[in-house]
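Residue numbers (this note's numbering), protein chains in the order written: chain A, 121 to 228; chain B, 121 to 228; chain C, 121 to 228; chain D, 121 to 228. Read the structure below first, then the notes.
Protein chains: 4
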Amino acid sequence: MKVIADLCVIPMGIGVSVSREVAECERILAEAGLKTRLHAYGTNIEGEWDDVFGAIKRCHEAVHAMGVPRISSTIRVGTRTDRRQTMEDKVRSVETKLRPSGGSQNAE
Amino acid sequence: MKVIADLCVIPMGIGVSVSREVAECERILAEAGLKTRLHAYGTNIEGEWDDVFGAIKRCHEAVHAMGVPRISSTIRVGTRTDRRQTMEDKVRSVETKLRPSGGSQNAE
Amino acid sequence: MKVIADLCVIPMGIGVSVSREVAECERILAEAGLKTRLHAYGTNIEGEWDDVFGAIKRCHEAVHAMGVPRISSTIRVGTRTDRRQTMEDKVRSVETKLRPSGGSQNAE
Amino acid sequence: MKVIADLCVIPMGIGVSVSREVAECERILAEAGLKTRLHAYGTNIEGEWDDVFGAIKRCHEAVHAMGVPRISSTIRVGTRTDRRQTMEDKVRSVETKLRPSGGSQNAE
Chain A
121 MKVIADLCVI PMGIGVSVSR EVAECERILA EAGLKTRLHA YGTNIEGEWD DVFGAIKRCH
181 EAVHAMGVPR ISSTIRVGTR TDRRQTMEDK VRSVETKLRP SGGSQNAE
Chain B
121 MKVIADLCVI PMGIGVSVSR EVAECERILA EAGLKTRLHA YGTNIEGEWD DVFGAIKRCH
181 EAVHAMGVPR ISSTIRVGTR TDRRQTMEDK VRSVETKLRP SGGSQNAE
Chain C
121 MKVIADLCVI PMGIGVSVSR EVAECERILA EAGLKTRLHA YGTNIEGEWD DVFGAIKRCH
181 EAVHAMGVPR ISSTIRVGTR TDRRQTMEDK VRSVETKLRP SGGSQNAE
Chain D
121 MKVIADLCVI PMGIGVSVSR EVAECERILA EAGLKTRLHA YGTNIEGEWD DVFGAIKRCH
181 EAVHAMGVPR ISSTIRVGTR TDRRQTMEDK VRSVETKLRP SGGSQNAE
């Protein structure tokens, strides 16, 4: 089962800066061979269900191993059976409809 | 790794009513032996990481098998290494601080 | 516009315990006259859009005023135009379908 | 109070394709003068609290006006009092730590 997910990891009980921990998660997701795209409030991830969630588990383990006592993450996860869709497809489908000429047949 | 999670499954591409699909997910989580508590915008889940996410995967598979072509779920997931904490502990910790007599030592 | 929402406030840059801040948010939501229900990973809230989001803003302001330098909250918010629905309706609609006798006409 | 938010609007009770509704929300956020960045599972938004949440309310109103009977959105919202931070700052802060030469002083 293919998924497009979005992960936001919040380390707690350390200082206000969490970019070191977020960078570690980026490394883990990349090493898992997953397609990812970092944005300002999380990371888009595309891959097979087990690969994606296995990597998210390793993110939690790794961030705890860095000395973070508590983590609260939020994950959005989408699956569909009607057709294949990539992260780029989703963005393009919206952008097409934002152009003045509008009327694309694409579906997000 | 023990987790407390919160799952909200949104079936898409069917009608406005989604309680039949949500009930199916409740059954799957219960059959997995997980501790759960349904609320008005999701379900609290407590258990081992692999058990919780294995059951969430089966929820997506089962809802698709019911004829739903697209699903978008949101998951909050918390892990901590400093101490054990149950779902009831979390609620009690806040409720204790809401009482006039206040000054509990408990920590959420 | 009536909403059912779910709020999870994560104070960052303080210790692992955040129940004091969560309790303060509960007080603010109650003072706003909103219907709420605390659970293990957030709080269900029912009310008019402006009342709900006005109160959530005051939660952020109050938690910062308690000395918390950074907050990351997640909010689920649902609106519908087809019919009125309360938090209790949503839970009951799922629970009805979980009973062996099953076949309710209720819709979540 | 400045916020960085992330919005994912899920129209329910229509077909599987929701890009037309997501595009309408993009237009509303842009017309509100907010800084936004569309990604594959939502939209980053930067602005003042009232401007951001006023625009999100208009998104729900507009999507209902398009004929969508039910909407379930998820919003992440971050505020901080220790320093100013833009969406670009957050991404750059993580990306700096991903470079081999590593040791930036930036904080996410």
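Where is the CB? At the ideal position from N, CA and C, for every residue including glycine.
Checklist entry - In terms of DSSP beta bridges, what is C:S193 paired with? => result C:V129 and D:V197
Next on the checklist: Which residues of the stretch 157 to 178 of chain D have a Cβ closer than 7 Å to any Cβ of chain C? Give them in chain order.
Outcome noted: W169, F173 and K177
Item to check | D:R178 - DSSP class collapsed to helix/strand/coil | outcome: helix
Next on the checklist: If you reduce the DSSP assignment to three classes, tell me which class B:V214 lands in.
Outcome noted: helix
Next on the checklist: Using C-beta distances below 7 Å, list every residue in its chain close to C:L218, excluding the 5 sequence neighbours before and after it, in chain order.
Outcome noted: none
Checklist entry - Taking three-plus beta-carbon pairs below 8 Å as touching, is the stretch 156 to 165 of chain C in contact with the stretch 206 to 216 of chain B? => result yes
Checklist entry - Grouping DSSP H, G and I as helix and E and B as strand, with all else coil, what is C:G222? => result Here the model assigns C:G222 a pLDDT of 46, short of 50, so the residue's position is not dependable and the matter cannot be decided.
Item to check | Residue(s) in a DSSP beta bridge with A:R140 | outcome: Its beta-bridge partners do not exist; DSSP assigns none.
Next on the checklist: When you compare the CB of B:T199 with every CB in chain C, is at least one pair closer than 9 Å?
Outcome noted: no
Checklist entry - Rounded to a whole number of angstroms, what is the C-alpha to C-alpha distance between B:R156 and C:V142? => result At residue 156 of chain B the sequence reads Thr, which differs from the Arg that was named. The straight-line gap from Cα to Cα measures roughly 21 Å.
Next on the checklist: Does the structure place the stretch 180 to 196 of chain D close enough to the stretch 125 to 145 of chain D that three or more beta carbon pairs sit under 8 Å?
Outcome noted: yes
Next on the checklist: Once the 5 residues before and after B:L154 are set aside, which same chain residues still bring their CB inside 8 Å of it?
Outcome noted: I165, E166, G167, D171, V172 and A175
Checklist entry - D:I124 and D:V214: beta carbons closer than 9 Å? => result no
Checklist entry - If you draw a straight line from the alpha carbon of A:S224 to that of A:A152, how long is it in whole angstroms? => result For A:S224, the predicted model reports a pLDDT of 45, less than 50, meaning its position is unreliable; a value from the coordinates is still stated below. The alpha-carbon atoms of A:S224 and A:A152 are separated by roughly 35 Å.
Item to check | Within-9 Å CB hit, B:H180 to chain A | outcome: yes
Next on the checklist: Strictly by DSSP, which residues pair up with A:E237?
Outcome noted: The shown model of chain A, from 121 to 228, leaves out residue 237 of chain A, and the question about it has no answer.
Next on the checklist: Quick check on A:L154: does DSSP put it in helix, strand or coil?
Outcome noted: coil
Item to check | Beta-carbon proximity list for D:E144, same chain, < 7 Å, skipping 5 on both sides | outcome: A182, V183 and M186
Next on the checklist: Excluding the 5 residues flanking B:V230 on each side, which residues of the same chain have their C-beta closer than 6 Å to its C-beta?
Outcome noted: With chain B running from 121 to 228 in the structure shown, residue 230 of chain B is simply not present.
Item to check | Proximal chain D residues relative to B:G187, where beta-carbon distance stays under 7 Å | outcome: Result: empty, since nearest Cβ-Cβ is about 12 Å, beyond 7 Å.
Item to check | Nearest residue (CA-CA) to D:A150, options D:G135, D:V136 and D:R178 | outcome: D:R178
Next on the checklist: Give me the subset of the stretch 125 to 143 of chain C whose CB atoms are less than 9 Å from a CB atom of chain A, sorted by chain position.
Outcome noted: C128, I130, P131, M132, G133, I134, G135, V136, S137 and V138
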